[in-house]
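Notes follow once the structure below has been shown.
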Amino acid sequence: MQTVFPAPQPSILPICDSKLGFPVRRVYCVGRNYAAHAVEMGHDPDKEPPFFFQKNPDDLDPSGTFPYPSLSQEVHHEVELGVMLKSGHGSIKPENALQHVYGYAVTLDMTRRDLQGAAKEAGRPWKAGKAFERSAPVGRVVPAADCGFLRSGKISLAVNGGIRQDGDLNQMIWKVPEIIAKLSDLFQLGAGDVILTGTPAGVGPVSKGDVLLATIEGLPELTVEIG
Ligand code: MN
119 MQTVFPAPQP SILPICDSKL GFPVRRVYCV GRNYAAHAVE MGHDPDKEPP FFFQKNPDDL
179 DPSGTFPYPS LSQEVHHEVE LGVMLKSGHG SIKPENALQH VYGYAVTLDM TRRDLQGAAK
239 EAGRPWKAGK AFERSAPVGR VVPAADCGFL RSGKISLAVN GGIRQDGDLN QMIWKVPEII
299 AKLSDLFQLG AGDVILTGTP AGVGPVSKGD VLLATIEGLP ELTVEIG
């Protein structure tokens, strides 16, 4: 159908060693998925059911620059494994979940922690704290066909050369197949969906001019300058 103005284009993420891109449909994020991070945020690390929130598809940003957002004085870094789906549907069983994974990328779940904290206190949604423009810097996508399914490996984040976050993917409370299964019980998953799988301990504030280096073993590193 003809549209009344040009239809917005989907976000497309660069893929390693490919001229093709990964088109984004939806972005889901998992909260408190590493025990030590749950503790640092003041919560019980016991295995509670996972909970989810969303960012907008066009919040994913491969540019390598993160503009300090408006209306916040406390913006935190959270390094996370991003999982890209090539297919999906509702009610996926954990044992069948990995067949829907296209690949992975290093991602950051940048968070206006002050706005998120105020929302938590008021019992309101986290939207303004989490789903703002360019809030999800993302590295190049690596197909699982090239790197295998990632179950363990170092995940880290340094600010200006100083290590802040240092964990292992095997510390996830809910593993990737379980996350996909739980999400698919709630939502119809599909090709182009991106899942940010939670952050290890050590989150903290960033300032203008900082340079972040995010790494996950087996994936290209992600460098982001705070602008
Ligand atoms: Mn997060």
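The working numbering puts the first residue of the sequence shown at 119, with every later residue one more than the last. Ideal Cβ positions, reconstructed from N, Cα and C, are used throughout, including at glycine.
**Item:** Per-residue DSSP class, three states only, for H112
**Value:** The displayed coordinates of the chain run from 119 to 345. Any statement about residue 112 would go beyond what the structure contains.
**Request:** Report yes or no: do the region 256-268 and the region 156-171 share at least 3 C-beta pairs separated by less than 8 Å?
**Result:** no
**Request:** Answer with buried or exposed for T183, where buried requires no fewer than 16 other C-beta atoms within 10 angstroms of its C-beta.
**Result:** exposed
**Message:** When you compare the CB positions of Y222 and V201, do they come within less than 7 Å of one another, or not?
**Reply:** yes
**Asked** Near G322, which residues of its chain fall below 8 Å by C-beta distance, leaving aside the five closest residues on each side in sequence?
**Response** H194, H195, V277, R282
**Message:** I need the residues with a C-beta less than 7 Å from some heavy atom of the ligand MN; please give them in chain order.
**Reply:** C147, G149, E196, E198, D227, T229, L314, G316, T317
**Proximity below 7 Å, CB of L226 to CB of P255** = yes
**Message:** Buried or exposed, going by whether 16 or more other CB atoms sit within 10 Å of the CB of Q234?
**Reply:** buried
**Request:** Counting only the same chain and skipping the five closest in sequence on each side, list residues whose C-beta sits under 6 Å from that of F140.
**Result:** L131, I133, M202, V259
**Message:** Quick check: what's the CA-CA separation for V142 versus G310?
**Reply:** 4 Å
**Message:** Can you give me the C-alpha to C-alpha distance between R242 and F170, rounded to a whole angstrom?
**Reply:** 15 Å
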